[in-house]
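Notes to accompany the following structure.
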Amino acid sequence: SVSFVLGARNVSKISQVIHKEKAVEVAIDYDESAYAFEFFEKKAQIRSLLNISIGCDKKCAYCIVPHTRGKEISIPMDLILKEAEKLAHNGTKELMLLGQNVNNYGVRFSSEHAKVNFSDLLDKLSEISGIERIRFTSPHPLHMNDAFLERFAKNPKVCKSIHMPLQSGSSAVLKMMRRGYSKEWFLNRVERLKALVPEVGISTDIIVGFPNESDKDFEDTMEVLEKVRFDTLYSFIYSPRPFTEAGAWKERVPLEVSSLRLERLQNRHKEILEEKAKLEVGKTHVVLVENRREMDNQIVGFE
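For reference, each letter of the sequence shown is one residue, going 1 to 303 in our numbering.
The following block contains the structure:
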């Protein structure tokens, strides 16, 4: 039986209903200023996660998130800074900012707030004493304009690694996916980024076997892999999701074809990683020790 019902944006109100005897329905509240960071007590840790927005405005054909989480709403900067200061006081050295499209931060608040963007937020977080490193996920390639990339490059506390979810290297498939950018746009953004930060680390997501993906479409993806030489690759075979646009399409790439494409993609990426690893021999990098050694002296975490 159902004990209580909460809207997707009302997780922070769970303490108000969890001890009720009856089922309680709480109306969905779109005011992100009610976002209760303090409800979710975080243990002191070197690396902490911090939400900066909820929801998503994009309409990617394969994704259910906009239907389940609603329109994108940014959490006010003063609340984010307050939480970041508390985390820093408790020992956090690295912040990981979270959102469906983090670099679209500031596009919408639920009430009146000063106009700010994601780069403004990064700069303000960088001023907090004790915070030494800032990361974020996931940004959207469509919002990686020159101004964003330039401020990303200049901010010394922002780690010079970035997630750029490609999804497909084919402009035709990207159009079917409703990603809003082309293969050429993506490569242009990578070129601009590497000009600003030559040693930048780039991770990505790639889906193979999207409906109607042809052999040529897949070769376009392989071409982007060769040109960008991603440092990390999260790759998957497309699987339909209920209530999504693509989920209703009848066209399917045979599983055996998708499997071969995925295998080829992943094998080539492994080769690229081996090639890149050899170039790191003899270099020195600053790392963040996340965990202490275990009692058996076998495990320690680095970032």
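Each residue gets a CB set at the ideal place from its N, CA and C atoms; glycine is no exception.
Determine the burial state of GLU72: buried for a count of at least 16 other Cβ atoms within 10 Å of its Cβ, exposed for fewer.
-> buried
Please classify SER126: does DSSP put it in a helix, a strand, or coil?
-> helix
Paired residues, beta bridge with PHE136 - DSSP = LEU97
Can you name, in chain order, every residue of its own chain whose Cβ lies under 6 angstroms from the Cβ of GLU132, other than the five neighbours on each side?
-> LYS93
What residue range is occupied by the uninterrupted alpha helix (DSSP H) comprising SER259?
-> 255–278
Straight-line CA distance for PRO66 to SER119?
-> 24 angstroms
Per DSSP, what kind of secondary structure is ASP231 in: helix, strand or coil?
-> coil
List the endpoints of the continuous beta strand (DSSP E) containing THR204.
-> 201–208
Of all the options HIS140, ILE14, LYS160, ASN90, which has the alpha carbon lying nearest to the alpha carbon of VAL286?
-> LYS160
Helix or strand or just coil, what does DSSP make of ILE64?
-> coil
List the endpoints of the continuous alpha helix (DSSP H) containing LEU87.
-> 77–89
Identify which residue in ARG261, SER53, HIS113 has its Cα closest to the Cα of LEU98.
-> SER53
Under 8 angstroms by Cβ, that's how I've got HIS163 and SER203 pegged, so tell me the actual separation to the nearest angstrom.
-> 5 angstroms
Considering only the beta carbon of each residue, do ARG252 and CYS60 sit closer than 8 angstroms?
-> no
DSSP state of SER119, grouped into three classes?
-> helix
Check each candidate in PHE230, LEU255, VAL257, ALA246 and name the one with the smallest Cα separation from GLU274.
-> PHE230
Whose C-beta lies closer than 7 angstroms to the C-beta of ASP220 among residues of the same chain, with five residues either side of it excluded?
-> GLY169, SER170, LYS183
Cutoff 8 angstroms: SER74 Cβ touching any chain D Cβ = Checking the listed chains, one finds no chain D in this structure; it contains a single protein chain.
Extent of the continuous alpha helix (DSSP H) run through LEU193 = 183–196
Mark ALA114 as exposed unless 16 or more other C-beta atoms lie within 10 angstroms of its C-beta, in which case mark it buried.
-> exposed
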